[in-house]
Amino acid sequence: MSRIPAKLQRWFRQNRQALLWVVISFSCLLAAWQIASMASGGRLQIPPPLEVFQAFFTAFVKPIGQNTILEHAAISLGRVLSGFAVATVVGVVLGIAMGVSDAVYAIANPIFEFVRPIPPIAWIPLSILWFGLGSANKVFIIFIGSFTYITINSYEGARNVDPQLIGAAQMLGASRLRIFTKIIFPSAVPYIFAGLQIALGVSWAADVAAEIIYSQSGVGWIITMGMNNGNYTQIMVGIIAIGVIGYLLSTVMRAVEGRLCRWNRQAK
Amino acid sequence: MQTQTKVKVEHLVKRFGDLLVLDDVSFEVKQGEFLCIVGPTGCGKTTFLNSLTGLYDITSGSILINGEKVDLKKHSVAYIFQEYSTMPWMTVEQNVRFGLSLKHVPAQRAAQQAEKYMDLVGLAPFRDYYPDQLSASMLQRVVIARAFATEPELLLMDEPYGQLDTELRYKLENELLNLWQQSGTTVIFITHNIEEAVYLGQRILVLSNKPTTIKKEIVNPLPLPRDIAAPAFIALRNEVTELIKWW
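So the sequences go chain by chain: A and B.
Numbering follows my numbering, with no gaps: position 232 of the first sequence is 240.
Numbering follows my numbering, with no gaps: position 84 of the second sequence is 413.
Written out as structure tokens, the structure is:
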């Protein structure tokens, strides 16, 4: 019990300078926001920061529509993680298959190059018709938007394996399967993680877009409802929630990567 | 045991298209012997090793280990080359144990073997380090420990110390001799460094320029450990140098 505060204390001591800058940075933003709010005259167009934060924290206990803000966040996160999980499995398998097999690459790559530049939101109407109005259509949008990044990076990772390492493993008597599981896959992991990091950001963006276009819950819905009711404060509460969740997602992802790719720290 | 033939190369010819690289090379390596092969840069030394390990198909002739055609699944051959082939995602200990795990050595025995060879090359204190935290000579030590830990019947080394400075090279050469004497493995060591060949080898094969043949076979009678400043050492080094003179 007593170790955690000590650790925290040390962390604060070590990062005092950086924390100070974060505080200054946010203070500037809040000040600019406050000034803009006052200068615009009418409180309705740009609600002041204090009002927005009050509404934000009130939403933890008082529901917006059917759900509290945490429930909305949980619903959105559930969609993102489902779509992202499917994209990860498909992307890694397809990407590595393209990396190790020329035939798979030759077949998959043209389709892939065609699908890749289509923005995920272009799929929303089709997705709604296919999967209905619920969560499934969002999961599909998230999947289609994010799997391309994972595929490309997994492919690059599988391609860029040092041939010396494969040779060394062969000389030590490794079978083809072992070379795959012990050499190709681990050496592709940092590439895969770089792809996952981008893909997670894209997933979040795709989910919010899908929720804004049509949904009955989730943080995107908070914004659309705010717009429909002319409730500026609610829109900004939704935007803050989106920013916070986006930040948390990428932080968690970086932490996982740091853990799994400890050996690769110099490449950073 | 010393007289048993480990590797037998007979009338080995290797062509790449029209280019004749190895021209009728024949020699034998005895069980437990330390053989050095020297020759000018680009003379086909590496081609020879790659033929031996089956990476290249040979054009004609034969290479036999224990009287049989080379089969890496059956014969335990370790290959150490100039580039450091440590797996960057494995710690020192995991790297040293990698070959053992590929050969399905039971965990307890693998741990013992890894321990022994990490100790012999002085890596035990660094067991949990990752390769990017190690110096060049330490990386090559990891590779050497990994190779010896599998107790190969034949160890092939292709200019393993080419990237190291003189002092480290001496250190690692002594370590290698020590490991060789303790393990009794057969070593074929390829280098273009004449002093290194005279320092290490019991026998030295001097190769010619392309198309490569064996120019001369020299038995090195000097006892170990050798003194590179001794007149006999210098005389032998000069003899080999005379034979090559590729500059």
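We put the beta carbon where it would ideally sit given N, CA and C, even for glycine.
DSSP three-state assignment for Thr570 (chain B), whether helix, strand or coil | helix
Considering only the beta carbon of each residue, do Gly390 (chain B) and His433 (chain B) sit closer than 8 Å?
-> no
Name the one or two DSSP bridge partners that Thr388 (chain B) has.
-> Residue pairing by DSSP places Thr388 (chain B) opposite no residue, since no beta bridge is assigned to it.
Beta carbon of Glu568 (chain B), beta carbon of Ile543 (chain B): below 8 Å?
-> no
Who are the neighbours of Gly181 (chain A) on chain B, taking C-beta pairs under 9 Å?
-> Leu401, Lys402, Ser405, Val406, Gly428, Leu431, Lys432, Thr479
Could you check the C-alpha separation between Lys539 (chain B) and Arg344 (chain B) for me, to the nearest Å?
-> Whole-angstrom Cα-Cα distance: 11 Å.
Leu483 (chain B) to Tyr446 (chain B) span [Cα, whole Å] = 17 Å
In whole angstroms, what is the alpha-carbon distance linking Gly361 (chain B) and Thr514 (chain B)?
-> 5 Å
Reduced DSSP category for Ile54 (chain A) - H, G, I as helix; E, B as strand; rest coil = coil
Ala213 (chain A) to Thr159 (chain A) span [Cα, whole Å] = Distance between the alpha carbons of Ala213 (chain A) and Thr159 (chain A) is about 19 Å.
Per DSSP, which one or two residues make a beta bridge with Phe356 (chain B)?
-> B:Val338
Go through its chain and collect everything with a Cβ distance to Leu38 (chain A)'s Cβ below 7 Å, but skip five positions before and after it.
-> Pro57
Determine whether the Cβ of Glu412 (chain B) lies closer than 8 Å to any Cβ atom of chain A.
-> yes
Whole alpha helix (DSSP H) runs in the stretch 414–492 of chain B with 4 or more residues, listed along the chain?
-> 421–431, 436–449, 465–478
Those runs of the alpha helix (DSSP H) which lie wholly inside the stretch 514–547 of chain B and span at least 4 residues | 523–529
Taking buried to mean at least 16 other C-beta atoms within 10 Å of its own C-beta, is Asp318 (chain B) buried or exposed?
-> In this structure chain B extends from 330 to 576, so residue 318 (chain B) is not present and cannot be described.
Quick one, are the C-beta atoms of Ala526 (chain B) and Val367 (chain B) less than 8 Å apart?
-> yes
When you compare only the Cα positions, how much space is there between Glu657 (chain B) and Phe410 (chain B)?
-> The displayed coordinates of chain B run from 330 to 576. Any statement about residue 657 (chain B) would go beyond what the structure contains.
Please list the residues of the stretch 191–218 of chain A that have a C-beta atom closer than 8 Å to any C-beta atom in chain B, keeping them in chain order.
-> Those residues of the stretch 191–218 of chain A that come within reach of chain B (Cβ to Cβ, closer than 8 Å) are Ile191, Pro194, Ser195, Val197.
Could one say the Cβ of Trp418 (chain B) lies closer than 8 Å to chain A's Cβ atoms, at least one of them?
-> yes
Apart from the five residues just before and just after Ile174 (chain A), which ones in its own chain have a Cβ nearer than 8 Å to its Cβ?
-> Cβ within range, chain order: Ile187, Ile191, Ile192.
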